[in-house]
Amino acid sequence: MEIKIARKAGFCFGVKRAIDITFNLADEHKEGLCTYGPLIHNPQVVEELERRGVGAVEDLKAPHIRTIIIRTHGVSPRVYAETSKMGYNVIDATCPFVKKAQNFAQILKNEGYQVVIVGDRHHPEVQGLIGFAGGSAVVISDAEQLPELKKKVGIIVQTTQSFDTFKKVVDSVISACREVKIYNTICDFTAQRVKETKELAKTVDLMVIVGGKNSANTNQLVHLSREVCARVHHIETAKELKKAWFKGVKKAGITGGASTPQWIIDDVVKKIREISARR
Ligand code: SF4
Numbered sequence: 082m083e084i085k086i087a088r089k090a091g092f093c094f095g096v097k098r099a100i101d102i103t104f105n106l107a108d109e110h111k112e113g114l115c116t117y118g119p120l121i122h123n124p125q126v127v128e129e130l131e132r133r134g135v136g137a138v139e140d141l142k143a144p145h146i147r148t149i150i151i152r153t154h155g156v157s158p159r160v161y162a163e164t165s166k167m168g169y170n171v172i173d174a175t176c177p178f179v180k181k182a183q184n185f186a187q188i189l190k191n192e193g194y195q196v197v198i199v200g201d202r203h204h205p206e207v208q209g210l211i212g213f214a215g216g217s218a219v220v221i222s223d224a225e226q227l228p229e230l231k232k233k234v235g236i237i238v239q240t241t242q243s244f245d246t247f248k249k250v251v252d253s254v255i256s257a258c259r260e261v262k263i264y265n266t267i268c269d270f271t272a273q274r275v276k277e278t279k280e281l282a283k284t285v286d287l288m289v290i291v292g293g294k295n296s297a298n299t300n301q302l303v304h305l306s307r308e309v310c311a312r313v314h315h316i317e318t319a320k321e322l323k324k325a326w327f328k329g330v331k332k333a334g335i336t337g338g339a340s341t342p343q344w345i346i347d348d349v350v351k352k353i354r355e356i357s358a359r360r
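Counting along the sequence shown from 1, when you hit position 115 you're at 196 in this note's numbering, and nothing is skipped either side.
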């Protein structure tokens with residue numbers, strides 16, 4: 082069996098930066114170091130951080146917090162205000178691309194635009210963006226469900242959204258509103274990974290996508306792969322691989338989400354090679 086591994090699989094720039102910041106701090110701090118929510122959407126990395134004494138907190142009033150790390154997905158201005166009120170040492174690991182989207186949200190709000198955020202309203206990045214975009218902001222994930230909008234609308238997009246969804250919402254908004262200002266805030270790493278995954282999935286009999294089941298960008302890779310490849314499996318670790326999946330497979334493709342560590346991808350590749358050798 083031929084095994085093709087995506088070149089862009091694994092940590093993106095923003096996740097690697099947050100991981101480096103946090104692991105370095107974990108070595109220095111003996112206690113009181115926490116992340117605000119899970120640092121990234123990968124349960125294995127979050128478990129490793131817990132082993133090193135860095136827990137994820139949702140409640141900013143938790144008594145043991147001394148230093149708090151802001152996750153890659155960013156937070157709303159309200160959270161910054163609360164951390165400062167509590168007197169914590171704040172380390173901001175928000176990805177610079179997310180920061181850029183937050184800045185555009187704030188600029189649009191200040192210029193009097195109603196901000197439309199294209200994305201998943203439950204995702205922490207979008208929750209943070211809502212805080213920068215002001216009270217009239219709306220979140221849209223589907224162009225078919227466009228709410229009534231004001232005359233002046235500014236559009237931004239969750240950094241890991243698909244360009245197709247973004248474009249469909251933009252098309253609907255420009256048909257409905259008189260003045261529209263658009264910032265494409267999809268990050269380059271996401272765009273490249275999506276392109277590479279689509280191309281890879283078209284050329285193989287089976288795709289294995291490695292990454293957190295709670296990771297939006299990993300789920301997007303699964304969804305896109307399923308559009309062009311009949312056999313697609315989403316796993317978090319090599320333990321989930323099943324020999325039966327590879328029956329009759331001549332070419333297998335492997336990729337990973339932006340928050341998937343290289344060691345997990347290496348484990349998966351190793352196990353697939355073993356399955357291939359035993360066939
Ligand atoms: S996917 Fe893009 S925006 Fe998200 S953390 Fe990675 S580099 Fe930053």
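Note that beta-carbon positions come from the ideal geometry of N, C-alpha and C, so glycine has one too.
Query: Where E229 falls, given that 16 or more other Cβ within 10 Å makes a residue buried; Result: exposed
Query: Candidates S357, Q195, I353 and I236, of which the one nearest G216 by Cα; Result: Q195
Query: Nearest-residue set for the ligand SF4, Cβ under 6 Å from any heavy atom; Result: C93, F94, G95, V96, T153, C176, F178, V179, T240, T241, C268, F270, T271, N298 and A339
Query: N- and C-terminal bounds of the alpha helix (DSSP H) containing A186; Result: P177 to N191
Query: Proximal residues to K352 (C-beta, below 8 Å), its chain only, five neighbours per side dropped; Result: A319 and L322
Query: Residues bridged to R312 (per DSSP); Result: L287
Query: DSSP three-state assignment for I149, whether helix, strand or coil; Result: strand
Query: For Q239, the nearest candidate out of C268, S157 and W344 (CA to CA); Result: C268
Query: Under 8 Å between C-beta atoms of I237 and T266; Result: yes
Query: Contiguous beta strand (DSSP E) assignments of at least 3 residues, all confined to the segment 84-129; Result: 114-117
Query: Status (buried if at least 16 other CB within 10 Å, exposed otherwise) for R159; Result: exposed
Query: Coil, strand or helix - E260 by DSSP; Result: strand
Query: Identified DSSP bridge partners for N298; Result: Answer is none; N298 lacks a bridge partner.
Query: Where V196 falls: helix, strand or coil (DSSP); Result: strand
Query: Counted within 10 angstroms of its Cβ, other Cβ atoms place G168 as buried (16 or more) or exposed; Result: exposed
Query: Bridge partner(s) assigned by DSSP for V250; Result: BP columns for V250 are empty, so no partner.
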